[in-house]
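Numbered per mature numbering (1 follows the signal peptide of the UniProt record, and there is no 0), the sequence shown spans residues -22 to -1, 1 to 292.
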Amino acid sequence: MEAEKLFLLFSLIMLQFSSCTSQDSLKTNHTIKEGDLLISKGNIFALGFFSPGSSTNRYLGIWYHKIPEQTVVWVANRNDPIIGSSGFLFINQFGNLVLYRKDDQKLLVWSTNVSVEENDTCEAQLLDSGNLILVRKRSRKIVWQSFDYPTNIQLPGMKLGLDRKLGTDRFLTSWRSADDPGIGDFSLRINPNGSPQFFFYNATKPISRSPPWPWRSQMGLYKSAFVNDPDEIYCVYTVPDDSYLLRIIVDHLGLVKVLTWRESDGQWKDYWKAPQFHCDYYGHCGAYSTCELANLNEFGCACLPGFEPKYPLE
């Protein structure tokens, strides 16, 4: 009889912490541990533990599932790495996604930290868009999503900008290095003051900026849309040609890049990047002046109408 009780107890424990290795959803009686993956329905994205570059630290992240070159698009615990293979992710009794180290279950590494109604349960799902969502099981209402907390990459369908009602500011920040996804020096965000435009920063110093919206887009491969209303101000893009994968990244070297992948290419290719020319840099020509293209390799500064050079001989 005692043996039967022990077997039943062991079975219940194993059910509670059973792994979830090849499905797109994480339910309250499952965990994600080292070696387990959530894989979106179309096999486009995967969520699991990874080590970037030459680092041995472990992070919970999302990456493209079908690409041989692991390309991480989102990191949960970017500033709090896990040493060794002790991490595990589950949904706690309050309906939140929580990440712990097995060797210290009292020390929380990361959490979605949202309020969920009593007597309701949640489950997490990885979508083919690369968005990890936490939804109430009854109403299917999304209570948290990774697209609201981007790291260094904007994916198609991901909004960059300010949710005025929720107070959420979605912006990109670079990794510290190729081996460290912690928050780096460079960021890309919308400045909502005046005519809204994107600013690219090194810490708090502007490096470059986009023209005010609506700008004349030359990015034929993807289509951008801009929304500015009392509730939100954001920019989002789509990629009509599904033979391409496309991502916008703020890299740790101080560039904003648009990168594309096609199966026939077998590698990521630069589609566009900034800043790369003198006129791309913020304030290059000083006040009351404009930067003009003289030829493909030369840029000059010119005064706006009604102004003269402060130093005419320079």
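Glycine residues also receive a C-beta, built at the ideal position from the N, C-alpha and C atoms.
Remember, predicted model here, so these are calculated numbers, not experimental data.
Rounded C-alpha distance that separates residue i from residue j
| i | j | result |
| --- | --- | --- |
| S242 | D2 | 27 Å |
| P128 | D147 | 10 Å |
| P208 | P184 | 26 Å |
| T268 | R142 | 33 Å |
| L138 | D229 | 16 Å |
| Q83 | I22 | 32 Å |
| I61 | T34 | 8 Å |
| S117 | C279 | 58 Å |
| N109 | S165 | 21 Å |
| F285 | C263 | 13 Å |
| R167 | F176 | 6 Å |
| A80 | H8 | Residue identity check: residue 80 is Lys in the sequence provided, not Ala. Between K80 and H8, the C-alpha separation is close to 15 Å. |
| K19 | V234 | 30 Å |
| K44 | N171 | 41 Å |
| S186 | D220 | 31 Å |
| P134 | F149 | 14 Å |
| S173 | Y78 | 44 Å |
| G198 | L231 | 26 Å |
| W246 | T151 | 20 Å |
| P283 | A265 | 13 Å |
| I10 | A203 | 36 Å |
| S155 | N169 | 26 Å |
| K119 | L144 | 16 Å |
| C281 | G244 | 47 Å |
| Y260 | I161 | 23 Å |
Where the beta strand (DSSP E) containing residue i begins and where it ends
| i | result |
| --- | --- |
| N180 | 175 to 180 |
| Q254 | Note, Q254: premise wrong, no beta strand (DSSP E); not H, not E. |
| Y37 | 37 to 42 |
| N206 | 201 to 206 |
| N169 | 158 to 169 |
| I111 | 110 to 114 |
| P184 | 183 to 187 |
| R79 | 75 to 79 |
| D141 | 138 to 141 |
| K11 | 8 to 11 |
| C213 | 210 to 216 |
| R235 | Here the sequence assigns Lys to residue 235, which means Arg is not the residue at that position. First-last of the beta strand (DSSP E) with K235: 234 to 239. |
| L150 | 150 to 155 |
| V50 | 50 to 53 |
| V94 | Per DSSP, V94 belongs to no beta strand (DSSP E) and is neither H nor E. |
| residue 307 | In the structure as shown, the chain begins at -22 and stops at 292. Residue 307 is therefore absent and cannot be evaluated. |
| G135 | Unbroken run through G135: none, as it is neither H nor E. |
| F125 | Where F125 is concerned, there is no enclosing beta strand (DSSP E), given that its DSSP letter is neither H nor E. |
| L15 | Segment: none, L15 is in no beta strand (DSSP E) and carries neither H nor E. |
| G31 | Here G31 belongs to no beta strand (DSSP E), and DSSP marks it neither H nor E. |
| L67 | 65 to 69 |
Own chain residues within Cβ distance below 6 Å of residue i, not counting five before or after
| i | result |
| --- | --- |
| L224 | Y200, V217, T238 |
| V236 | I226, Y249, W250 |
| V205 | Y212 |
| A181 | D163 |
| K5 | E101 |
| E12 | F27, S63 |
| Q103 | D2, S3, I111 |
| T90 | N74, L75, L112, W122 |
| N70 | V76 |
| M136 | F125 |
Distance CB(residue i)-CB(residue j) smaller than 9 Å
| i | j | result |
| --- | --- | --- |
| P253 | F178 | yes |
| D106 | G73 | no |
| residue 304 | L75 | What is shown of the chain runs -22 to 292, which leaves residue 304 out entirely. |
| L140 | E210 | yes |
| I17 | S124 | no |
| G65 | D157 | no |
| T87 | D58 | For clarity, residue 87 is Val in the given sequence; the question names Thr instead. A contact, by the Cβ cut-off of 9 Å. |
| Y215 | Q132 | yes |
Same chain, Cβ closer than 8 Å to residue i, neighbours up to 5 away in sequence not counted
| i | result |
| --- | --- |
| V94 | F72, G73, N74, C100, R114, V121 |
| P159 | P30, Y37, G39, V50, V53, R56, T129, N130, W153 |
| L85 | Y78, R79 |
| L(-11) | Unreliable positioning characterises L(-11) in this predicted model, as indicated by a pLDDT of 40, which lies under 50. A coordinate reading is not provided. |
| V92 | G73, N74, L112, V121, W122 |
Neighbourhood of residue i by C-beta distance below 7 Å, restricted to the same chain and skipping five residues each side
| i | result |
| --- | --- |
| P189 | Q175 |
| R240 | S221, Y222 |
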